[in-house]
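The listed protein sequences correspond, in order, to chains A and B. Note that our numbering has the first sequence beginning at 1, numbered continuously upward. Note that our numbering has the second sequence beginning at 1001, numbered continuously upward. We put the beta carbon where it would ideally sit given N, CA and C, even for glycine. Notes follow once the structure below has been shown.
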Amino acid sequence: EDQVTQSPEALRLQEGESSSLNCSYTVSGLRGLFWYRQDPGKGPEFLFTLYSAGEEKEKERLKATLTKKESFLHITAPKPEDSATYLCAVHEGYQKVTFGTGTKLQVIP
Amino acid sequence: DVKVTQSSRYLVKRTGEKVFLECVQDMDHENMFWYRQDPGLGLRLIYFSYDVKMKEKGDIPEGYSVSREKKERFSLILESASTNQTSMYLCASSPGLLAKNIQYFGAGTRLSVL
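As structure tokens, this is what we get:
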């Protein structure tokens, strides 16, 4: 069975304390890996798409990387406004997308 | 900007009621999706549609049906609501059929079935 596992479930950081979120996947044919950010009471908002191992994308304090088995979302010098739940989703086959359960990030001033 | 609008933010219904959740997108996207989101289970796909009047079952279609009579509108129907359908429901849309398509989400409808 295809699986997408995110870790940790929750992460609490001090402002400025860099860290990484992990998304590991077991799918037969990866067509794309997506990262989304979800704020409380809102729908997920797209951040990045990665398609092949070795690919990297950056946006402000966030950098996403991809290997054959997992993806990392690196957060450099986070700020309180980065607090949110970060979701990973794997796209395989005909419109089949599997989401992980997310990492809830809290950045404390 | 792409806008996906869900008709209600909060709904409270009684067991056995027929419930309609409406979703409208303004970007002429081919694909539309309905998910439910529960703590510890993540987003699970209920149904999706890749064209008007076309639909495909997702991972958890039992107890739900959908309707897509117009390209911009995708409705989720709970034929007879049950307490285990209490959840956050999210609608999304995406263009085309290729794997490169980003999904754009609405703000969600939090449904409580009493």
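According to DSSP, simplified to helix, strand and coil, what is Asn-1084/B?
helix
Below 9 angstroms on C-beta distance, what does Ile-1060/B contact in chain A?
Those do not exist, as Ile-1060/B stays about 13 angstroms from chain A at its closest Cβ, beyond 9 angstroms.
Please check if any C-beta of chain B sits within less than 9 angstroms of the C-beta of Lys-42/A.
Cβ-Cβ to chain B under 9 angstroms: yes for Lys-42/A.
Residues of chain A with CB under 9 angstroms from Phe-1105/B, in chain order?
Tyr-36, Gln-38, Lys-42, Gly-43, Pro-44, Glu-45 and Phe-46
So that I know if they touch, is there some Cβ in chain B lying closer than 9 angstroms to that of Thr-101/A?
yes
Would you kindly check if the distance between the Cβ of Thr-49/A and the Cβ of Ser-24/A is under 9 angstroms?
no
Count the other CB atoms within 10 Å of the CB of Ser-1093/B; is the residue buried (16 or more) or exposed (fewer)?
buried
Could you spell out where the beta strand (DSSP E) holding Asp-1038/B opens and where it closes?
Per DSSP, the continuous beta strand (DSSP E) segment holding Asp-1038/B begins and ends at 1031–1038.
Grab me the residues of Asp-1026/B's own chain with a C-beta within less than 6 angstroms of its C-beta, minus the 5 sequence neighbours each way, in chain order.
Lys-1003
For Tyr-1035/B, would you say it is in contact with chain A, using Cβ-to-Cβ distances shorter than 9 angstroms as the test?
Cβ-Cβ to chain A under 9 angstroms: yes for Tyr-1035/B.
So does the region 1099–1113 of chain B actually touch the region 1044–1052 of chain B, counting three or more Cβ pairs closer than 8 angstroms?
These segments do not touch.
Name, in chain order, the residues that DSSP records as bridge partners for Thr-5/A.
Ser-24/A
Using the Cα positions of Tyr-1010/B and Val-1113/B, report the straight-line distance between them to the nearest angstrom.
11 angstroms
Does any residue of chain A bring its CB to less than 9 angstroms from the CB of Ile-1046/B?
no
So is Val-1118/B buried or exposed if we call it buried at 16+ other beta carbons inside 10 Å?
Here chain B covers residues 1001 to 1114 and nothing more, so residue 1118/B does not appear.
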